[in-house]
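Quick mapping for you: the protein sequence lines, in order, are chains B and Y. Heads up: the first sequence begins at 0 in numbering that gives the first Met the number 0, then just goes up one per residue. Heads up: the second sequence begins at 0 in numbering that gives the first Met the number 0, then just goes up one per residue. For every residue, glycine included, the Cβ atom is placed at its ideal position computed from N, Cα and C. None of the values given here were measured: they were computed from a predicted structure. Since the structure comes first, as C-alpha cells, the remarks are kept for the end.
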Amino acid sequence: MAARVSLGRTALIAGSVGAACCAATLIDAAAAPRAALDSWLAAYAFWLGVCLGCLGWLMTFHAGKARWIVVSRRLLEGLAATVPPLAVLFVPIALGLRHIFPWATAAAPSGEEASLLAFRNAYLRVPFFLSRAVAYFALWTLLGHLLLRWSVLQDDRGGPAPTAWQRRLSGFGLVALAITGTFAAFDWMMSLEPDWISTTFGFYFLSGAMMGGLALFVLLLALADRRGLLGDPLRPSHWHNLGKLLFATLCFWAYIAFTQYLLIWIADKPVEVRWYVTRTGGGWGGVAIALVVLHFAFPFFVLLSRDFKRRRGPLAATGIWLLLVHYLDVYWIVMPATYRAGPAPRWTDLLAAVGIGGLVLAYAAWRLDGHSFVPAGDPYLDESLAYERS
Amino acid sequence: MRRWIVAEFAAPETSLEAARRLRASGLTGLDLHSPFPIEGSDEALGLRPSPIPGAVLCGGLIGAGFGYWLQWFCNAHDFPINVGGRPLQSAPAFVPIVFELGVLFGSAAAFFGMFVAARLPRLHHPVFEADGFRSASVDRFWLSASLGPGDDPEHVRARLADLGALRVEIVPEENP
Numbered sequence: 000m001a002a003r004v005s006l007g008r009t010a011l012i013a014g015s016v017g018a019a020c021c022a023a024t025l026i027d028a029a030a031a032p033r034a035a036l037d038s039w040l041a042a043y044a045f046w047l048g049v050c051l052g053c054l055g056w057l058m059t060f061h062a063g064k065a066r067w068i069v070v071s072r073r074l075l076e077g078l079a080a081t082v083p084p085l086a087v088l089f090v091p092i093a094l095g096l097r098h099i100f101p102w103a104t105a106a107a108p109s110g111e112e113a114s115l116l117a118f119r120n121a122y123l124r125v126p127f128f129l130s131r132a133v134a135y136f137a138l139w140t141l142l143g144h145l146l147l148r149w150s151v152l153q154d155d156r157g158g159p160a161p162t163a164w165q166r167r168l169s170g171f172g173l174v175a176l177a178i179t180g181t182f183a184a185f186d187w188m189m190s191l192e193p194d195w196i197s198t199t200f201g202f203y204f205l206s207g208a209m210m211g212g213l214a215l216f217v218l219l220l221a222l223a224d225r226r227g228l229l230g231d232p233l234r235p236s237h238w239h240n241l242g243k244l245l246f247a248t249l250c251f252w253a254y255i256a257f258t259q260y261l262l263i264w265i266a267d268k269p270v271e272v273r274w275y276v277t278r279t280g281g282g283w284g285g286v287a288i289a290l291v292v293l294h295f296a297f298p299f300f301v302l303l304s305r306d307f308k309r310r311r312g313p314l315a316a317t318g319i320w321l322l323l324v325h326y327l328d329v330y331w332i333v334m335p336a337t338y339r340a341g342p343a344p345r346w347t348d349l350l351a352a353v354g355i356g357g358l359v360l361a362y363a364a365w366r367l368d369g370h371s372f373v374p375a376g377d378p379y380l381d382e383s384l385a386y387e388r389s
Numbered sequence: 000m001r002r003w004i005v006a007e008f009a010a011p012e013t014s015l016e017a018a019r020r021l022r023a024s025g026l027t028g029l030d031l032h033s034p035f036p037i038e039g040s041d042e043a044l045g046l047r048p049s050p051i052p053g054a055v056l057c058g059g060l061i062g063a064g065f066g067y068w069l070q071w072f073c074n075a076h077d078f079p080i081n082v083g084g085r086p087l088q089s090a091p092a093f094v095p096i097v098f099e100l101g102v103l104f105g106s107a108a109a110f111f112g113m114f115v116a117a118r119l120p121r122l123h124h125p126v127f128e129a130d131g132f133r134s135a136s137v138d139r140f141w142l143s144a145s146l147g148p149g150d151d152p153e154h155v156r157a158r159l160a161d162l163g164a165l166r167v168e169i170v171p172e173e174n175p
C-alpha cells in the first residue's frame with residue numbers, strides 16, 4: 000500500500016489566497032463592472048483552458064493505453080477533476096453578461112437584417128447561452144469525476160476492471176470534449192465580437208489549452224517529484240516524453256494559429272479581417288509579435304535539445320514560461336474586444352488570475368488529499384516505474 | 000593487414016558486458032551486431048552522440064531560408080506582378096512554402112546524413128565472413144573489434160571466452 004499524501008495545508012493556503020483575490024476582484028466589479036469582468040473573463044478562460052487541457056491529456060493517455068504515464072497520472076486526474084469550482088466561478092460572468100457581451104444588450108434586429116442574422120440571434124440568446132454552459136459543465140464534471148473516482152477505487156480494490164472503464168469512457172469523452180470545448184470557446188470568447196466568425200477558433204483555443212494544461216501538469220509534477228511525493232524520482236525518460244509532448248503541442252498551436260491567420264489575411268474580407276486588424280495594429284501589434292517569438296520561436300528552439308528535455312529543472316522552467324505565454328495568448332484574444340487601442344493592464348488582471356488559479360489548485364489538492372499520490376492499484380504501475388527509452 | 004576478432008553471445012546482456020570490458024581494456028573499433036536494437040548499446044560501445052540531429056537542423060534552416068529567398072526572388076524581385084494591389088513580398092503567404100522546403104531539406108539531410116554516418120553504400124565487411132555470423136540477424140548477439148598490431152589475438156580470444164562467448168573467430172582482411 001502506497002503512502003497517502005497530505006495536501007490539506009497546500010489546499011488551505013492556495014484556497015485562502017485564491018478566495019481573497021477573487022473577492023477583491025468581485026468587489027471591484029461592483030464599481031467598474033466592465034473592466035473587472037474583462038479581467039475575470041481572461042483569467043477564467045486561461046484556467047478553464049488549462050483544466051480542460053489536463054482533462055484532454057488524461058483521456059488521451061487512457062484512450063492511447065499509455066503505460067509510461069501511469070506513475071504520474073494521479074496529479075493529472077486531480078487537475079482534470081477541477082471543473083466544479085470553475086462552474087461556480089462562472090457565476091460572475093453569467094450575472095454580468097450585459098457588461099461583457101455586446102449581443103446580450105443589442106436590440107433585436109428588424110427587417111432584412113433579422114433574416115440574415117436569424118441563426119446568430121437564436122444561438123446567442125441568454126437562456127440558450129446559459130443552458131449550454133450548464134450542459135458543458137455537467138459533461139466535463141462527470142468526465143473528470145469518474146476518471147478520478149475509478150482510479151482511486153482501483154487503489155484499494157486493484158484489478159484491471161477500472162482501467163477498462165477508464166479507457167472506454169475516454170474514447171467517447173475525447174470526442175465530447177472536443178465538441179463542447181469548441182462551442183464553449185465560440186460562446187465565451189468568439190462572441191465577444193459577434194460579427195466575427197472563424198470555424199477554426201475553437202481548435203485554436205483548445206490547442207493552446209492543451210499546451211497550457213500540459214505545462215501546468217509538468218510544473219506541478221516537477222514540484223511533487225522534488226518533494227518526493229512520487230516515491231522514487233521519475234526517470235529521464237519520463238521527462239523526455241513530457242518534453243516531447245510539450246514540443247508537439249507547441250507546434251500544433253503555432254500551426255492552428257497560423258492557419259487561422261493566413262486564411263483570414265489572404266481572403267481579406269472586411270468582416271473577418273477586423274478581428275486581426277485590431278489585434279495586430281496599435282498597441283496590440285507588439286503583443287502579436289511577442290506571441291510569435293515567445294509562444295513559438297523561442298520555446299521551439301529551446302525544446303529541440305534532447306538533454307534539455309530529459310531534465311526536471313529545465314522542463315519545470317519551460318512549464319512556467321509556457322503558462323505565462325498561454326495567458327498572454329488568451330489575454331490577446333479577450334481584451335482587444337474592449338480595449339481596441341492597445342493593452343491596458345489593470346491590477347484586477349493579476350488578482351483574477353491568481354484568485355481563480357488559487358481556488359482551482361486548492362480544489363485539486365483537496366480532491367487528492369488523503370489518497371495515494373501514485374495510482375497504486377494500476378496494473379501497469381510497475382511497467383511505468385521501470386520505463387526507459389533512449 | 001588488418002584483422003578483426005568476432006565473438007558470438009547467446010544473450011544481449013552478456014554481449015553488452017563484454018563490450019564494456021573490452022573497451023575498458025583498450026580495444027578499439029568495437030561494434031555490436033544484433034537481430035534487434037539493444038538498449039544501452041551506445042553507452043557500452045562508447046559511441047559519440049549521433050551527428051544526425053545537427054545535420055537535420057542545418058538542413059531545415061537552409062531549406063527554410065532557400066524557400067523564402069526563392070519566393071522573394073520570383074515574386075518580388077525578378078518578375079514582380081501587381082495582383083490586386085497586394086504587397087509583392089507577402090511574408091504570411093510565403094510561410095507554407097518555407098515550412099515545406101524546411102521539412103524537405105531537413106528530411107533529405109536525415110536521409111543522406113544517415114548514409115554518410117553509416118558509411119553506406121559499403122555493402123560488405125570482412126567480419127561478415129566469420130563462420131556462423133549469419134545468426135546475428137536471427138537469434139545471436141555478435142561483438143566485433145579490430146585488432147591493432149600490438150594486440151595479442153590469443154589473449155583477447157581467452158578474455159572473450161571468459162566473458163561468455165560461445166565462439167570466437169579471427170577474421171583477416173581479404174586480399175583484393
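Buried or exposed: residue i, going by 16 or more other Cβ atoms within 10 Å of its Cβ?
i: Ser-206 (chain B); result: buried
i: Ser-150 (chain B); result: buried
i: Arg-133 (chain Y); result: exposed
i: Gly-62 (chain Y); result: buried
i: Leu-290 (chain B); result: buried
i: His-325 (chain B); result: buried
i: Gly-52 (chain B); result: buried
i: Ser-130 (chain B); result: exposed
i: Ala-35 (chain B); result: buried
i: Lys-308 (chain B); result: buried
i: Asp-381 (chain B); result: exposed
i: Phe-300 (chain B); result: exposed
i: His-154 (chain Y); result: exposed
i: Asp-186 (chain B); result: buried
i: Arg-366 (chain B); result: buried
i: Gly-180 (chain B); result: buried
Any beta carbon of chain B sitting closer than 8 Å to that of residue i?
i: Ala-92 (chain Y); result: yes
i: Ser-14 (chain Y); result: no
i: Leu-56 (chain Y); result: yes
i: Glu-128 (chain Y); result: no
i: Glu-99 (chain Y); result: no
i: Pro-175 (chain Y); result: For Pro-175 (chain Y), the predicted structure reports a pLDDT of 49, less than 50, and the residue's modelled location is therefore unreliable. A value from the coordinates is still provided. So no, Pro-175 (chain Y) is outside the interface.
i: Glu-153 (chain Y); result: no
i: Glu-172 (chain Y); result: no
i: Glu-38 (chain Y); result: yes
Could you check whether residue j and residue i sit closer than 8 Å to each other, using their CB atoms as the reference points?
i: Ala-10 (chain B); j: Asp-267 (chain B); result: no
i: Val-16 (chain B); j: Gly-357 (chain B); result: yes
i: Met-210 (chain B); j: Gly-55 (chain B); result: no
i: Arg-311 (chain B); j: Ala-221 (chain B); result: yes
i: Ala-43 (chain Y); j: Leu-159 (chain Y); result: no
i: Leu-31 (chain Y); j: Leu-142 (chain Y); result: yes
i: Leu-373 (chain B); j: Leu-229 (chain B); result: One point to set straight first is that residue 373 (chain B) is Val, not Leu, in the sequence displayed. Cβ distance < 8 Å, so Val-373 (chain B) and Leu-229 (chain B) count as in contact.
i: Thr-277 (chain B); j: Thr-199 (chain B); result: no
i: Phe-216 (chain B); j: Leu-78 (chain B); result: yes
i: Tyr-386 (chain B); j: Trp-67 (chain B); result: yes
I'd like to know whether the C-beta of residue i is nearer than 8 Å to at least one C-beta of chain Y.
i: Trp-264 (chain B); result: yes
i: Leu-290 (chain B); result: no
i: Leu-261 (chain B); result: yes
i: Phe-257 (chain B); result: yes
i: Glu-111 (chain B); result: no
i: Glu-192 (chain B); result: no
i: Glu-387 (chain B); result: yes
i: Leu-303 (chain B); result: yes
Original post:
Is there contact between the region 59-74 of chain B and the region 96-105 of chain B, where contact requires at least three CB pairs shorter than 8 Å?
Top reply: Verdict: no, contact absent.
**OP:** Counting only runs of 3+ residues fully inside the region 110-191 of chain B, write out the beta strand (DSSP E) ranges in chain order.
**Re:** Taking only runs of at least 3 residues, no beta strand (DSSP E) segment lies wholly in the region 110-191 of chain B.
Original post:
Would you say the region 16-36 of chain B touches the region 165-181 of chain B, given that touching needs at least three Cβ pairs under 8 Å?
Top reply: With the cut-off at 8 Å, the region 16-36 of chain B and the region 165-181 of chain B do not touch.
Original post:
What residue ranges within the region 227-271 of chain B form continuous alpha helix (DSSP H) runs of no fewer than 4 residues, ordered along the chain?
Top reply: Qualifying alpha helix (DSSP H) stretches, in chain order: 235-266.
**OP:** May I ask you to verify whether the region 88-100 of chain Y touches the region 121-138 of chain Y, counting CB pairs closer than 8 Å and requiring at least 3?
**Re:** At 8 Å Cβ cutoff, the stretches do not touch.
Original post:
Hey, which unbroken runs of the alpha helix (DSSP H) at 4 residues or more fall wholly within the region 281-335 of chain B?
Top reply: Whole alpha helix (DSSP H) segments, 4+ residues: 283-289, 297-302, 305-308, 311-333.
**OP:** Please determine if the region 42-52 of chain B and the region 316-333 of chain B are in contact, where contact requires at least 3 C-beta pairs separated by less than 8 Å.
**Re:** Here the region 42-52 of chain B lies against the region 316-333 of chain B, with 3 or more beta-carbon pairs under 8 Å apart.
Original post:
Between the region 115-135 of chain Y and the region 159-170 of chain Y, are three or more C-beta pairs nearer than 8 Å?
Top reply: The count of Cβ pairs closer than 8 Å, one atom from the region 115-135 of chain Y and one from the region 159-170 of chain Y, reaches three, so the stretches are in contact.
Subject >> Sequence ranges, alpha helix (DSSP H) only - wholly within the region 7-33 of chain Y, length at least 4 >> reply: You should have 11-23.
Original post:
What residue ranges within the region 49-96 of chain B form continuous alpha helix (DSSP H) runs of no fewer than 4 residues, ordered along the chain?
Top reply: You should have 72-79, 82-88, 90-94.
**OP:** Taking only runs that begin and end inside the region 51-102 of chain Y, name each unbroken alpha helix (DSSP H) of 4 or more residues, in chain order.
**Re:** Listed in chain order, they are 51-70.
**OP:** Evaluate the contact criterion for the region 63-70 of chain Y versus the region 13-33 of chain Y: three or more CB pairs, one atom per stretch, below 8 Å.
**Re:** Contact check between the region 63-70 of chain Y and the region 13-33 of chain Y: fewer than three CB pairs, one atom from each, fall below 8 Å, which does not count as touching.
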